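Undergrad: Can you keep this structure in mind? I'll have questions shortly.
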Amino acid sequence: MNRTTHVLLRGLAEARLALLASLRSFQEMFATVMFVAGFTVGLSFMRGGTVDGTGVDSATASLPGVLGLSVVFVGVVATAMMLATEREDGTLLRAKALPDGMAVYLIGKVVYAAALVLATVLLLVVPGLFLFDGLAAGLATGWPQLLWVLLLGMVASIPAGAVLGALFDNPRLVNAVGMVPVFGITMVSGVFFPITALPGWIQTVAQVFPVYWIGLGLRSALLPDSMLSAEIGESWRHLETAGVLGAWAVAGMVLAPWLLRRMARRVSGANVEKARQKAMQRV
Numbered sequence: 699m700n701r702t703t704h705v706l707l708r709g710l711a712e713a714r715l716a717l718l719a720s721l722r723s724f725q726e727m728f729a730t731v732m733f734v735a736g737f738t739v740g741l742s743f744m745r746g747g748t749v750d751g752t753g754v755d756s757a758t759a760s761l762p763g764v765l766g767l768s769v770v771f772v773g774v775v776a777t778a779m780m781l782a783t784e785r786e787d788g789t790l791l792r793a794k795a796l797p798d799g800m801a802v803y804l805i806g807k808v809v810y811a812a813a814l815v816l817a818t819v820l821l822l823v824v825p826g827l828f829l830f831d832g833l834a835a836g837l838a839t840g841w842p843q844l845l846w847v848l849l850l851g852m853v854a855s856i857p858a859g860a861v862l863g864a865l866f867d868n869p870r871l872v873n874a875v876g877m878v879p880v881f882g883i884t885m886v887s888g889v890f891f892p893i894t895a896l897p898g899w900i901q902t903v904a905q906v907f908p909v910y911w912i913g914l915g916l917r918s919a920l921l922p923d924s925m926l927s928a929e930i931g932e933s934w935r936h937l938e939t940a941g942v943l944g945a946w947a948v949a950g951m952v953l954a955p956w957l958l959r960r961m962a963r964r965v966s967g968a969n970v971e972k973a974r975q976k977a978m979q980r981v
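Under this note's numbering, think of the first position of the sequence shown as 699, with each following residue one higher.
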């Protein structure tokens with residue numbers, strides 16, 4: 699077995715352990731169930747209405763936005779908080795001390811975050827097939843589009859979360875500061891309402907970030923072409939979606955490992971102990 703294969707297998711094993719720990723954590727499972735249940739119930743109240751001029755059920759039209767939010771929240775915010783937490787509690791220091799530890803650590807976190815995204819999407823889509831009119835028909839023909847948008851969206855967002863996590867030295871800063879721009883960008887990216895309703899300059903800014911393109915790609919996979927009237931240029935713009943998400947994915951995969959290595963060099967036993975003492979004082 700060569701070194702690359704060995705590192706990959708170790709990373710997958712780390713992801714498996716992290717997933718098992720999540721499944722055993724009541725708090726994490728409760729948070730996931732409440733997130734999924736909250737949005738499912740909220741969308742259910744929208745059933746029966748239709749988007750003006752399209753005939754598309756309002757709940758079905760809103761579901762891609764919820765899926766896009768799941769990709770962004772887990773890929774960026776949850777990944778950033780996880781990295782910042784493990785930097786503070788010494789997990790990153792232990793990984794740093796092992797041979798190829800940082801490579802194994804990064805692979806494990808990427809696979810773990812991707813699994814969380816896919817699980818959340820499944821928990822939202824499967825009930826939606828029975829609750830929301832037109833979703834099953836859209837998924838029957840659009841599932842290939844759904845898969846590649848989710849895959850590319852995760853590859854674009856998870857490294858961005860790793861970058862964000864590397865910039866802050868504790869999870870509270872991620873929660874207090876890092877989430878503000880993420881949710882701000884999400885709100886102006888047409889995830890929950892047509893971006894064409896916003897001023898032109900905001901539309902231009904939103905199209906720089908991957909959030910808009912993830913939402914657009916998911917809408918193109920699950921919604922009929924009658925919804926194009928609410929999109930920029932009345933087009934799903936598949937090539938542009940792949941291009942922008944691909945560019946963010948490449949940038950993230952180049953920048954994230956460099957920042958994580960730089961972050962790891964600054965982690966020491968003394969720093970971890972100092973962070974632990976501060977956390978105990980806050981408690």
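Ideal Cβ placement from N, Cα and C applies to all residues, glycine included. Fair warning: this is a prediction, and the values are worked out from it, not measured in the lab.
1) Give the range of the alpha helix (DSSP H) segment to which SER756 is assigned.
2) Taking GLY709 as the reference, give the member of LEU721, ALA928, TYR810 with the closest Cα.
3) Have a look at PHE881 and ALA835 and give me their C-alpha separation to the nearest angstrom.
4) What separation, rounded to the nearest whole angstrom, lies between the Cα atoms of LEU717 and GLY915?
5) By the three-class DSSP mapping on this structure, what secondary structure does THR752 have?
6) For GLU712, count the other beta carbons within 10 Å of its own beta carbon; 16 or more makes it buried, fewer makes it exposed. Which is it?
7) Determine the extent of the alpha helix (DSSP H) in which THR894 is found, giving its start and end residues.
8) Quick one: what does DSSP say ALA711 is sitting in, helix, strand or coil?
9) Alpha carbon to alpha carbon, how far is LEU781 from GLY740? Give it in angstroms, no decimals.
10) Under three-state DSSP, which class holds ARG745?
11) What is the C-beta distance between SER720 and VAL774, in whole angstroms, given that I count them as a contact (C-beta under 8 Å)?
12) Can you grab the Cα-Cα spacing for the pair LEU821 / LEU943, in whole Å?
TA: Answer, in terms of the structure:
1) 756 to 770
2) TYR810
3) 31 Å
4) 28 Å
5) coil
6) buried
7) Counting along the chain, THR894 falls outside any alpha helix (DSSP H), and DSSP gives it neither H nor E.
8) helix
9) 31 Å
10) coil
11) That belief does not hold up - the Cβ atoms of SER720 and VAL774 are roughly 18 Å apart, past 8 Å.
12) 24 Å
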